[in-house]
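J.: Mind having a look at this structure? Questions to follow.
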Amino acid sequence: MDLFQAMRERHSVRSYTDKPLEGSVKEKLSAFITQCNEESSLHIQLVTDEPNAFDSRLAHYGKFSGVRNYIVMAGRKTAALDELCGYYGEKIVLYAQTLGLNTCWVALTYSKSKAAFQLEQGEKVCLVIAIGYGQTQGVSHKVKLREAVMKVQGTPPEWFIRGIDAALLAPTAMNQQKFTFSLDGSTVTAKAGIGFYSKIDLGIVKYHFELGAGAENFEWAS
C-alpha cells in the first residue's frame, strides 16, 4: 500500500483487537517516529501495551475500546506546535496505515493523568493518536466540494486540484473541514478556520495537500 492508497482507505477507528503491536511493524513504526522527531524537533512518543489512558469515563464516552497503544504528540510550547503536531502526526498516521495498522486522533476523550509519557521542561502534550489493529476499518464521511475550500482566479492547474482532493480526504476535528487554500502563481496559502484544534487540522491538511499536489510544484506562502 502506498501513501495515496492509505489516504483513501484510512478512516478513524475507535475499537481495537488484542493483537499486540510488535515485531517488524513496531520496529518500523518506531524508526519512522524517530525520523519525524529528528525532522521536526518534536517529542513524539510511542506507548505500547498500556491500557490506562483509555480506561476512563471520558474514553468510554468517546466509544473507545481495546486501546492499548497510542502515540503522544508533544513538543516545545511555541506558536507553531499545534500545526507541527498535525503535520507530523498525520505523516505517522498514513505511514501506520501502510503497515496495516489503524488509528484515531484523540484530543479530549482520554485520561492525560493516566497516559504514559515524558516531557522536558517547556514542553506540552497537544493530543494523542490511538493505534493498533482495528476491529473494523472504520467508515468514510462526507466531504465538502472543492469550491468550498479553495480560492483561485481562473482555472487552477491540475496539481492544485490534486492537492485539494487530497486535503479533502484528511481527518479534521468533528469532520468540519474548516480550511481554505488559495493560489497566487505557484505560491499556495493555507488558512485555518475558526474552531477547536483548527491549527492541528491545518497541519494535517497541509501534509495531505503536499502529497497530492507534489511539493516540487509549489511553495508555501511565508
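Heads up, the sequence shown is in this note's numbering, so the first residue is 2 and it goes up one at a time.
Just so it is clear, CB atoms sit at the ideal spot from N, CA and C, and this is done for glycine as well.
1) Which of the three DSSP states, helix, strand or coil, is assigned to residue 126?
2) Alpha carbon to alpha carbon, what distance is there between residue 158 and residue 219?
3) Whether or not the segment 17 to 32 and the segment 140 to 154 are in contact is what I'm after, with contact meaning three or more pairs of Cβ atoms, one per stretch, closer than 8 Å; do they touch?
4) Cβ atoms of residue 36 and residue 75: under 8 Å apart, would you say?
5) Could you say if the segment 114 to 126 and the segment 90 to 98 meet the contact criterion of at least three C-beta pairs nearer than 8 Å?
6) Output the distance between the C-alpha atoms of residue 183 and residue 107, rounded to the nearest integer angstrom.
7) With distance defined between alpha-carbon atoms, name the residue in 53, 66, 32 nearest to residue 137.
8) Using CA coordinates, which residue listed in 197, 193, 168, 133 is at the minimum distance from residue 174?
9) Is residue 302 helix, strand or coil by DSSP?
10) Got a sec, what are the start and stop residues for the alpha helix (DSSP H) residue 11 sits in?
11) With DSSP run on the structure shown, which of helix, strand or coil describes residue 77?
T.: The short version:
1) Taking the first residue of the sequence shown as position 1, residue 126 is located at position 125. It is a strand residue.
2) Walking along the sequence shown from the start, residue 219 turns up at place 218. Walking along the sequence shown from the start, residue 158 turns up at place 157. Whole-angstrom Cα-Cα distance: 11 Å.
3) no
4) The sequence position of residue 75 within the sequence shown is 74, counting from 1. The sequence position of residue 36 within the sequence shown is 35, counting from 1. In this structure, residue 36 does not lie closer than 8 Å to residue 75 by Cβ.
5) no
6) In the sequence shown, the residue the question calls residue 183 occupies position 182. In the sequence shown, the residue the question calls residue 107 occupies position 106. Looking at the two C-alpha atoms, the distance is approximately 29 Å.
7) The residue you call residue 137 lines up with position 136 of the sequence shown. It is 66.
8) Position 173 of the sequence shown, counting from 1, holds the residue named residue 174. Per the Cα distances, 197.
9) The shown model of the chain, from 2 to 223, leaves out residue 302, and the question about it has no answer.
10) In the sequence shown, counting from the first residue as 1, residue 11 sits at position 10. Where residue 11 is concerned, there is no enclosing alpha helix (DSSP H), given that its DSSP letter is neither H nor E.
11) For the purposes of this step, residue 77 is identified with residue 76 of the sequence shown, where counting begins at 1. Strand, per DSSP.
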